[in-house]
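K.L.:
I am attaching a structure below and will ask some questions about it afterwards.
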Amino acid sequence: MPEIVLIRGVPGSGKTTKARTEYPDHVLCEADMFFESDDGYKYDPSKIKDAHEYCYNKARKALMIGLDVVVANTFTRVWEMQQYLDLPNSVIVVEATGDYDNVHGVPPEIVDRMR
Numbered sequence: 319m320p321e322i323v324l325i326r327g328v329p330g331s332g333k334t335t336k337a338r339t340e341y342p343d344h345v346l347c348e349a350d351m352f353f354e355s356d357d358g359y360k361y362d363p364s365k366i367k368d369a370h371e372y373c374y375n376k377a378r379k380a381l382m383i384g385l386d387v388v389v390a391n392t393f394t395r396v397w398e399m400q401q402y403l404d405l406p407n408s409v410i411v412v413e414a415t416g417d418y419d420n421v422h423g424v425p426p427e428i429v430d431r432m433r
């Protein structure tokens, strides 16, 4: 049965880097991917629910065809991970604790509040 790795952490903690370096054979799923286009990253807070639905559906589809998945999102609260935890797969939760500049421009006061 394929596994799910959930990487949680505040913006700039190295979630994506950890996912790509430590789980290179897993399908990477992130809510941020929803906001990426040929024109670059364009975050729209009114679409955050759609972004998380996109991420979950991408992960679920990969699992259904037998692929391992790594999901890298902030997951600051358990309820944000719950739908993944409810899947019948082996789930590993990992915390990213790095301190990098966040590439999405989240203000420092928001990052501090998330911590």
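No gaps in the numbering here: position 62 of the sequence shown is 380 in this note's numbering, and each next residue is one more. Every residue, glycine too, gets a C-beta built ideally from N, C-alpha and C.
1. Tell me which residues share the same chain as Ala377 and place their Cβ nearer than 8 Å to its Cβ, disregarding the 5 neighbours each side in the sequence.
2. Could you round the C-beta distance between Leu324 and Val396 to whole angstroms and report it? I think they count as a contact, below 8 Å.
3. Since Val396 is in the alpha helix (DSSP H), which residue starts that stretch and which ends it?
4. Would you mind sorting Tyr341 into buried or exposed? The rule is 16 or more other CB atoms within 10 Å of its CB.
5. As an exercise, report each continuous alpha helix (DSSP H) stretch of at least 4 residues that is fully enclosed by the segment 329–379, in chain order.
6. For Leu385, name the three-state secondary structure that DSSP assigns.
P.N.:
Working from what's here:
1. In the sequence shown, counting from the first residue as 1, residue 377 sits at position 59. Cβ within range, chain order: Ile322, Val345, Cys347, Val387, Val389 and Tyr402.
2. For this step, residue 324 is matched to residue 6 along the sequence shown. For this step, residue 396 is matched to residue 78 along the sequence shown. At roughly 11 Å, the Cβ-Cβ gap does not stay under 8 Å, so Leu324 and Val396 are not in contact.
3. Counting from 1 along the sequence shown, the entry for residue 396 is found at position 78. Counting along the chain, the alpha helix (DSSP H) containing Val396 begins and ends at Val396 to Leu403.
4. As a working mapping, residue 341 is identified with position 23 in the sequence shown. With 16 or more other Cβ atoms within 10 Å, it is buried.
5. 333–340
6. Along the sequence shown, read from residue 1 onward, the residue named residue 385 stands at position 67. The answer is coil: DSSP assigns Leu385 none of H, G, I, E or B.
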